[in-house]
Amino acid sequence: MLGAGYALSKGVHIRADFMYRDWSVRTQAIIDLSLYILFYFPGIIGAAWACYKYAYKSWSIMERGMDTAWMPYMYPIKFALFVGFIFLLIQGISEVLKCVYAVKNRRWP
Numbered sequence: 491m492l493g494a495g496y497a498l499s500k501g502v503h504i505r506a507d508f509m510y511r512d513w514s515v516r517t518q519a520i521i522d523l524s525l526y527i528l529f530y531f532p533g534i535i536g537a538a539w540a541c542y543k544y545a546y547k548s549w550s551i552m553e554r555g556m557d558t559a560w561m562p563y564m565y566p567i568k569f570a571l572f573v574g575f576i577f578l579l580i581q582g583i584s585e586v587l588k589c590v591y592a593v594k595n596r597r598w599p
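In our numbering, the protein residues as written are 491 to 599.
So, in structure tokens, the structure goes:
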């Protein structure tokens, strides 16, 4: 999860490219911008909020895994999931700015 923002910045996430590649840069940017606003940001914000509550509760009780004799701390792992969603949110803002640039200048930055 921590590397998902980096993967988004490099464009290695799966995309239905069979139609997308034939569109103009401006059309690609408008479609991407619309999808980021309608689906990406609400989903990431909702997931980040859920992870925050989950991580905060875990951190407040210093949760440990009870399944093994080792009993590792669980709250750093849960907090890392929240941080990963924050990285995705920040990278999403960057992608939106790239889309706005592409709409105005008809080329990708």
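Backbone N, C-alpha and C define an ideal beta-carbon position, used for all residues, glycine too. No experiment lies behind these values; they were computed from the predicted model shown.
Checklist entry - Measuring CA to CA, which of A537, S514 and G533 is closest to K594? => result S514
Item to check | Simplified DSSP assignment, three categories, for R516 | outcome: helix
Checklist entry - What distance in whole Å lies between the Cβ atoms of Q518 and Y510, which are believed to be in contact at a cut-off of 8 Å? => result 6 Å
Checklist entry - Can you find at least 3 beta carbon pairs, one from the stretch 533-546 and one from the stretch 558-569, that sit closer than 8 Å? => result yes
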